[in-house]
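What follows is the structure, given as structure tokens:
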């Protein structure tokens, strides 16, 4: 077991109230904070047990003793030695923990005190996910449980931006602990988008919360937290926002720019792959977590219908491989009626030159966005990895995505894993799409920057597709520099050679992403926390239209 243990010591960096925002004073609640006396184990199907056994046998060469080492010995139980970086990473993780009234409730975004903190001193929902997984893998469940409950408290607070009230189910992008000098006590202040760049609410926060709740439940075998009325209601509120009927003709979610990890203007408005993949995974997790009561059954029925429509739509219209690229290249336009092949009236002349060279003979991926007369052919790492983990991608598509990564290693991984998107926007396109954003210049930050945090998602996808050697290669690349460079937030350059020009050092999710990748590769059974097997009922015949011809 790693020497890191979470205790009740108070947070060392308590701030004084001095900024506007949505303030929520979390009162002690016996209902929400009590620990159930006897956790109930989750029933695991025979097929799931068999799948886990096969997975363990498949990776026996990686973990011959079938258990986690905790990295506390000179040599790990795996075939590779425990890297010196692991101990350093755990020490940094310990320093990043945020305490609220002597209870650990999350990890701060970054611990770089050499520059202005801005909002890097807050606990971000999406940033905490790899930290939570690392803590769970290390047997530290308390901070994860507290985080889930505190963010659930914050969800219930009234959310206003100017004179407009946000939906009740919106989860915060982030929160921080501050000291109220009047009451002489700690309180929480949350940001639901009113302080964010562009004032955009975080669509992904609610999805990550559901996914993390399922990971906690799966890992601990304790369903009591998820079955609490407050957690059930929190899930239903999130789902209400997503499943509400509107004017859309597609099952995908319509979103604004900046609503996810890419939280600045980058042309991801519309139906971004990251949101659709997280949406799909959150729906599948909710199916496993919702109780079979009257309210739960109503949502379950709606979820099942949406999942069928969403999987069909994504697997057909977002998927791109060599054959599909050639078909789009030959599209006819201005087709009318339900027999149209070019359903979105995409203009073949709008195909970017780079995509023809980028597409390998073997391989494929889910493109960035599909909407009327628009296809964004950029590669987005997070969306494609989550598509594999959630089984949005079929086994054949998952294998094709890994083929693409191997074939285009220099472009997507380079000298530091992993490109958040590819390729970068440049020149006139950069000016139009980003609005001349000085932070998102070419091959920097969200515009083709390399983000070490994505290492855990790549590793999980590699293990699920039976290609751990790809993950090992990427981890070795990261180990060459991450620690020496003081764990930057991101790297710049076409191959990720340079520390990002505005990258924070000691970025917590760069640290936790490395730890999760390391521990998952050592003990592949951890994959079960964040991976869902394919639902055979959601595998309809993939057929574009009655007139489709090849």
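In my numbering, the protein residues as written are 584 to 1133.
Built from N, CA and C at the ideal position, the CB exists for glycine as well.
DSSP, reduced to helix, strand and coil, places residue 761 within a strand of the structure shown. Spanning the alpha carbons of residue 708 and residue 756 requires a straight line of approximately 6 Å.
Our two residues, residue 1006 and residue 984, have alpha carbons roughly 16 Å apart in a direct line. The three-state secondary structure of residue 853, taken from DSSP, is strand.
In the three-state DSSP reduction, residue 1019 falls in the coil class, being neither helix nor strand. Here DSSP, grouped into helix, strand and coil, assigns residue 1096 to helix. Shown here for residue 1076: same chain residues with a beta carbon closer than 7 Å to its own, the five before and five after excluded, namely 1026 in chain order.
Bridge pairing for residue 690: 680 [DSSP]. Cβ neighbours of residue 1072 within its own chain (closer than 7 Å, five residues either side excluded): 693, 1083, 1086, 1087, 1090, 1093. If you look at residue 769, you'll find it isn't in any alpha helix (DSSP H); it sits in the beta strand (DSSP E) that goes 768-774. In the three-state DSSP reduction, residue 863 falls in the helix class (H, G or I).
Residue pairing for residue 1002: DSSP places it in a beta bridge opposite 1033.
Between the C-alpha atoms of residue 721 and residue 793 there is a straight-line separation of about 21 Å.
Per the Cβ contact rule, the stretch 892-905 is in contact with the stretch 852-860 (3 or more Cβ pairs under 8 Å).
Assigned with DSSP and collapsed to three states, residue 750 falls in coil, not helix or strand. Taking the Cβ atoms as the reference, residue 1042 lies roughly 16 Å from residue 970, outside the contact range of under 8 Å. Under the three-state reduction of DSSP, residue 899 is assigned to helix. Listed as beta-bridge partners of residue 957 by DSSP are 954. In the three-state scheme derived from DSSP, where H, G and I count as helix and E and B as strand, residue 1053 is classed as helix. Per DSSP, reduced to three states, the secondary structure at residue 842 is coil, with no helix or strand assignment. Between the alpha carbons of residue 738 and residue 745 lies a distance of about 18 Å. The residues 975, 976, 977, 980, 1125, in chain order, have a CB closer than 8 Å to that of residue 898 in the same chain once the five nearest residues on each side in sequence are set aside.
By the CB criterion at 7 Å, residue 1107 and residue 1057 fall outside the cutoff.
From the listed residues 775, 731, 854, 688, the smallest Cα separation to residue 702 is found for 775. Secondary structure note for residue 730: its alpha helix (DSSP H) is the uninterrupted segment 725-738.
By the Cβ-count criterion, residue 695 is buried, with 16 or more other Cβ atoms from all chains shown falling within 10 Å of its own Cβ.
Contact between residue 882 and residue 822 holds, with the beta-carbon distance rounding to 6 Å and staying under 8 Å. Excluding its 5 nearest sequence neighbours in each direction, residue 1031 has C-beta neighbours in its own chain below 7 Å: 1002, 1004, 1005, 1006, 1007, 1025, listed in chain order. Under the three-state reduction of DSSP output, residue 938 falls in the helix class. Contiguous alpha helix (DSSP H) elements confined to the stretch 770-832 occur at 786-803, 812-826, taking only those with 4 or more residues. Annotation for residue 966: the continuous alpha helix (DSSP H) segment containing it runs 964-972. Residue 951 is a Cβ neighbour of residue 961, given a cutoff of 7 Å. Residue 1082 has 1074 as its beta-bridge partners, per DSSP. Taking every protein chain shown into account, the CB of residue 736 has 16 or more other CB atoms within 10 angstroms, so this residue is buried.
Taken through DSSP and simplified to helix, strand or coil, residue 712 comes out as helix.
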